Amino acid sequence: MQARIDTADTRQRIADALAMMEAAHIIDFNGHFSARTGPDRFLINSGASVRSAISAADIIEVDLDGQPLEGDVRPPMEFHIHASIYRRRPEVGAVAHTHPLWSTLFSSVGRKVEPVTMQAALLGEISEFPKTASINTRELGEELADCLGNARVAMLRSHGAVVAAEGVLEVFVLAYYLEETAHRQYLAVPLGTPQVLDAAQREKIRANLWKPHLLQKAWDYHYAKLKR
1 MQARIDTADT
11 RQRIADALAM
21 MEAAHIIDFN
31 GHFSARTGPD
41 RFLINSGASV
51 RSAISAADII
61 EVDLDGQPLE
71 GDVRPPMEFH
81 IHASIYRRRP
91 EVGAVAHTHP
101 LWSTLFSSVG
111 RKVEPVTMQA
121 ALLGEISEFP
131 KTASINTREL
141 GEELADCLGN
151 ARVAMLRSHG
161 AVVAAEGVLE
171 VFVLAYYLEE
181 TAHRQYLAVP
191 LGTPQVLDAA
201 QREKIRANLW
211 KPHLLQKAWD
221 YHYAKLKR
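Per UniProt numbering, the sequence shown starts with residue 1, numbered consecutively.
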C-alpha cells in the first residue's frame with residue numbers, strides 16, 4: 001500500500017505548478033492540479049482559488065469522493081477527473097486538468113496535436129475524449145479515465161486537456177510540452193506540412209529526454225521566470 005505523503009512541500013509544488021501554468025496560458029481562471037497523498041486521498045487546489053494568485057494555502061486535501069478531510073473548503077466540481085484516474089491507475093501520482101490555448105484550438109477543429117517537436121515524443125499517444133462537457137459526475141470521470149487508458153495525455157474536445165504521470169514535476173513538464181508542440185504545429189502549417197516524428201524516432205528521443213534532471217531543468221526555467 002502506498003504510504004501517505006501530505007507535506008507542505010507538496011502543497012507548495014502544486015501551487016508553483018499552477019502559477020507557472022497560468023503564466024504560460026495553460027490554465028486560466030479555471031484548471032486544477034492534484035497530487036496523490038495516499039491510496040484514497042489527494043491534494044488539489046480549491047474550486048474557489050484564484051489561479052492568478054494561487055498559494056499553498058489554496059491547496060486542500062480530499063478523499064476520492066471529493067470530501068474535504070479538514071475544514072469545509074470545496075474542491076473544483078471536476079475533481080472526478082482526478083479521483084477516477086487515481087482509482088484506476090495506482091502508478092499515477094499527479095494529475096492536471098488544463099485549458100491550454102493552442103492544443104484546445106486543435107481539438108475544436110478535430111485535428112490532432114502531432115509529434116512535430118522532440119519534446120512531443122515524451123507525450124506518447126494522445127487520447128481523445130469526444131464529449132464537450134464539465135466532468136462533474138463520477139460517471140463522466142469514469143468515462144474519461146476509460147478514454148485515457150494507460151496514456152499520459154487526453155484531449156477533451158473544445159474544452160481542454162488532462163495530463164497524468166508519476167508526480168508534480170512530470171505532469172507540469174508534459175502539460176507544457178503539449179502546449180508548446182501545439183503552438184509550433186500551428187505556426188508550421190502555413191509554411192508547409194509539419195514533419196511528424198515516426199515511432200522509432202520517438203522511442204529514441206524518449207530514452208534520451210525522459211530523465212529527471214532534464215525535466216527538472218524545464219521546471220527550473222519556468223520557475224525562475226515566475227520569480228523575476
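Where is the CB? At the ideal position from N, CA and C, for every residue including glycine. Computed from a prediction, not measured in an experiment: that's the story for all the values here.
How far does the alpha helix (DSSP H) with residue i in it reach, from first residue to last?
i, result
"G141", "138–148"
"E180", "168–188"
"D220", "212–227"
Is it right to say residue i is buried, meaning 16 or more other beta carbons lie within 10 angstroms of its own, or is it exposed?
i, result
"W210", "exposed"
"Y221", "exposed"
"L144", "buried"
"N45", "buried"
"S107", "buried"
"Q216", "exposed"
Just the Cα atoms here: how many angstroms apart are residue i and residue j?
i, j, result
"P100", "T7", "28 Å"
"R87", "A19", "27 Å"
"A3", "A24", "Bear in mind that a pLDDT of 48 at A3, under 50, signals an unreliable position, so the model cannot answer this."
"T98", "A121", "20 Å"
"A133", "I85", "17 Å"
"H201", "G71", "Sequence inspection shows Gln at residue 201; the His mentioned does not correspond to that position. If I take the Cα positions, the gap works out to 50 Å."
"V62", "H32", "13 Å"
"D28", "A53", "11 Å"
"G93", "L191", "40 Å"
"T10", "D58", "12 Å"
"Y177", "G124", "11 Å"
"G66", "R41", "9 Å"
Please classify residue i: does DSSP put it in a helix, a strand, or coil?
i, result
"S103", "helix"
"E128", "strand"
"H25", "coil"
"H80", "helix"
"A151", "coil"
"S34", "strand"
"A207", "helix"
"L156", "strand"
"A48", "coil"
"A165", "strand"
If you follow the beta strand (DSSP E) that residue i is part of, which residue opens it and which one closes it?
i, result
"T98", "94–98"
"L43", "41–45"
"I60", "59–63"
Compare the C-beta of residue i with all C-beta atoms of chain C and state if any pair is closer than 8 Å.
i, result
"P130", "Among the chains of the structure shown, chain C does not appear; only one protein chain is present."
Across the region 37–49 and the region 108–116, are there enough close Cβ pairs to call them in contact, namely three or more that are closer than 8 Å?
In this structure the region 37–49 does not lie against the region 108–116, because fewer than three pairs of beta carbons, one per stretch, are closer than 8 Å.
Given 8 Å as the limit, is there contact between the region 131–145 and the region 79–86, that is, 3 or more CB pairs closer than that?
Cβ pair count under 8 Å is three or more, so yes.
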